[in-house]
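Trainee: Numbering (the working numbering), first residue to last: 857 to 1287.
After the structure tokens below, expect a handful of questions from me.
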């Protein structure tokens, strides 16, 4: 994974530097991951408490000012003494344009794709006490022309200060073994931000219906300075614990880390476990062949219409509020195909030189980066059975390159492009 991210970063950087297109290149953006919020105790993690805690400081109020096509959002947070030896991150959930992030007047990051959540490490720019955060949205950035998001303004912004040894992500896969049992495999990457060797113990429990214990255990871990490792475990789960459209069952994974025998971090996550595979052009969920009857989420007045009109899958553009929609689809037993918020027809159908960016190699790195970010932001949802590269019908070289990149991630999910017109840049969907 680290090699893939490095190659992707080099490709984007070299493309942008060679042509001077620095407004297409993200800067100082943390590697993509599913949204993971640390808490200081399990009760807060179970409640998903959005209030400020020892690990997070939501920024509730921003002062908005405009100058031409530029909009500046300014707020403040207080860095307590307890944060001095830890890393600070800013998570920006959504911005309707490309933006630059400033802390105390110092630029600390840039995102050409504000429509997707981003995290930035701001540690070196912060001071003890009061700190100013400014998000400068650039309405004139050329990258804004790519997007098909209808949402406007600025979304949720919060400052995170996780412990020195922290969970970076949680992922789960299910496979059927030789005797037909479901085996769930979990991986939790861990990162150490300390400047010396550090040890921690990770305790985990997996429960069905919040009561039935499916698995529990712990892992002792010692990490060197800036070291990384993973907590992994596997267990056999009953088929009744698997998620499907007929029975949208969820399991709950609770993780507690301890440093020096004190609770350092608690994370709780509801997970839709399901086995997904493709065989001979057909999609299988938990070993059963499924056909996707899809509808655009934007065409619905509510999710109640999915079953009412005979659909079982929604195509959802990933932008502001998309996570809440996907979570509700999981609860209801609805498949989701997540679309990266790119509109290939936004700049016309001409794919010759100087025409649509979908056929301009200078934009190729951004197409791949946006789809890669969408993948990692949503890979934790079992309801997500596929990804749509973009909206539109223009089939340029960047569509083909993005399709190949997405197929290399080892995931069984579909990768489609609705405007493929029968060409090979899209998996075939059995309807």
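By construction, the Cβ of each residue, glycine as well, lies at the ideal position given by its N, Cα and C atoms.
These numbers come from a predicted model, not from an experiment.
Rounding to the nearest angstrom, what Cα-Cα distance links residue 1129 and residue 1107 in this structure?
Mentor: C-alpha separation (whole angstroms): 7 Å.
Trainee: Residue 1271: buried (16+ other C-beta within 10 angstroms of its C-beta) or exposed?
Mentor: When all chains shown are included, residue 1271 counts as buried.
Trainee: Taking just the CA atoms, how far does residue 989 sit from residue 1022?
Mentor: Straight-line Cα distance between these residues: approximately 24 Å.
Trainee: Decide if residue 1125 is buried, meaning its Cβ has at least 16 other Cβ atoms within 10 Å, or exposed.
Mentor: With 16 or more Cβ atoms within 10 Å of its Cβ, residue 1125 is classed as buried.
Trainee: Identify every residue that forms a DSSP beta bridge with residue 954.
Mentor: Note: residue 954 sits in a beta bridge opposite 994.
Trainee: In chain order, which alpha helix (DSSP H) runs of at least 4 residues are fully inside the stretch 1040-1102?
Mentor: Those alpha helix (DSSP H) runs which fall completely within the stretch 1040-1102 and span 4+ residues do not exist here.
Trainee: Please work out which residues of its chain come closer than 8 Å, Cβ to Cβ, to residue 898, disregarding the five sequence neighbours upstream and downstream, and give them in chain order.
Mentor: 1110, 1112, 1122, 1124.
Trainee: Please say whether residue 954 and residue 999 have beta carbons closer to each other than 8 Å?
Mentor: The answer is yes: Cβ separation under 8 Å.
Trainee: Straight-line CA distance for residue 1190 to residue 1012?
Mentor: So the two alpha carbons sit approximately 26 Å from each other.
Trainee: Would the stretch 1215-1224 count as touching the stretch 1080-1089 if we require 3 or more Cβ pairs under 8 Å?
Mentor: Contact fails: fewer than three Cβ-Cβ distances are below 8 Å.
Trainee: Using only alpha-carbon positions, find the residue among 1059, 932, 996 that is nearest to residue 880.
Mentor: Checked all of 1059, 932, 996; the closest Cα to residue 880 is 996.
Trainee: Suppose the cutoff is 6 Å on Cβ atoms and the five residues either side in sequence are ignored; what does the same chain contact list for residue 1049 look like?
Mentor: Counting only Cβ-Cβ distances below 6 Å, and skipping sequence neighbours, we find 943, 1020.
Trainee: Quick check on the burial criterion: 16 or more other C-beta atoms within 10 angstroms. Buried or exposed for residue 1052?
Mentor: Classification for residue 1052: exposed.
Trainee: According to DSSP, which residues form a beta bridge with residue 1194?
Mentor: Partner(s): 1172, 1243.
Trainee: Tell me residue 1126's beta-bridge partners as DSSP assigns them.
Mentor: Residue 1126 pairs with 1108.
Trainee: Pairs of beta-carbons, one from the stretch 1092-1103 and one from the stretch 1187-1202, closer than 8 Å: are there three or more?
Mentor: The stretch 1092-1103 is in contact with the stretch 1187-1202.
Trainee: Of the choices 1062, 984, 947, whose alpha-carbon is the least far from that of residue 1074?
Mentor: With distances taken between Cα atoms, residue 1074 lies closest to 1062.
Trainee: Which residues in the same chain as residue 920 place their Cβ atom closer than 6 Å to its Cβ, once the five residues preceding and following it in sequence are excluded?
Mentor: If we look at residue 920 and ignore the five residues flanking it on each side, its Cβ neighbours are 929.
Trainee: Going by beta carbon distance, what residues of the same chain come within less than 7 Å of residue 889, once the five residues before and after it are set aside?
Mentor: Cβ within range, chain order: 1024, 1025, 1232.
Trainee: What's the C-alpha gap between residue 1127 and residue 1198?
Mentor: Between residue 1127 and residue 1198, the C-alpha separation is close to 28 Å.
Trainee: Pop quiz: residue 1169 and residue 1248 are said to be a contact at Cβ under 8 Å. What is the actual Cβ separation, rounded to whole angstroms?
Mentor: Not a contact, Cβ separation roughly 20 Å.
Trainee: Buried or exposed: which applies to residue 1243, given that a residue is buried once 16 or more other Cβ atoms fall within 10 Å of its Cβ?
Mentor: Result: buried.
Trainee: Within this structure, are the beta carbons of residue 1007 and residue 1175 separated by less than 8 Å?
Mentor: Yes, the pair counts as a contact, with Cβ atoms nearer than the cut-off.
Trainee: Quick one, which of 952, 987, 1214 has its alpha-carbon nearest residue 967's?
Mentor: Answer by Cα proximity: 952.
Trainee: Relative to the C-alpha of residue 1030, which residue among 1003, 1132, 1145 is closest?
Mentor: Among 1003, 1132, 1145, the Cα nearest to that of residue 1030 is on 1132.
Trainee: Hey, residue 1147 and residue 1286 are a contact pair by Cβ (cut 8 Å); roughly how many whole angstroms apart?
Mentor: Rounded, the Cβ-Cβ distance is 5 Å, consistent with contact.
Trainee: Less than 7 Å between C-beta atoms, sequence neighbours within five positions excluded: which residues of the same chain meet that for residue 1033?
Mentor: Contacts found: 1039.
Trainee: Let me see if you follow: with CB-CB separation under 8 Å, is residue 938 close to chain D or not?
Mentor: Any reference to chain D falls outside this structure, which holds one protein chain only.
Trainee: Nearest to residue 984 by CA position, among 994, 1027, 1004, 934, is which residue?
Mentor: Nearest of 994, 1027, 1004, 934 to residue 984, Cα basis: 934.
Trainee: What is the residue span of the alpha helix (DSSP H) that residue 930 lies within?
Mentor: No alpha helix (DSSP H) holds residue 930; the beta strand (DSSP E) holding it covers 926-935.
Trainee: Which residues in the same chain as residue 1143 place their Cβ atom closer than 7 Å to its Cβ, once the five residues preceding and following it in sequence are excluded?
Mentor: These residues qualify, in order along the chain: 1032, 1131.
Trainee: Do you know how far the Cα of residue 936 is from the Cα of residue 993?
Mentor: Approximately 28 Å, taken between the alpha carbons.
Trainee: Going by C-alpha to C-alpha distance, which of 1202, 1047, 1171 sits closest to residue 1085?
Mentor: Of 1202, 1047, 1171, the residue nearest in Cα terms is 1047.
Trainee: So the candidates are 1194, 1059, 1080, 1253; which of them puts its Cα closest to the Cα of residue 1220?
Mentor: Of 1194, 1059, 1080, 1253, the residue nearest in Cα terms is 1253.
Trainee: Would you tell me roughly how many angstroms separate the C-alpha atoms of residue 1152 and residue 959, rounded to the nearest one?
Mentor: Rounded to whole angstroms, residue 1152 to residue 959 spans 39 Å at the Cα level.
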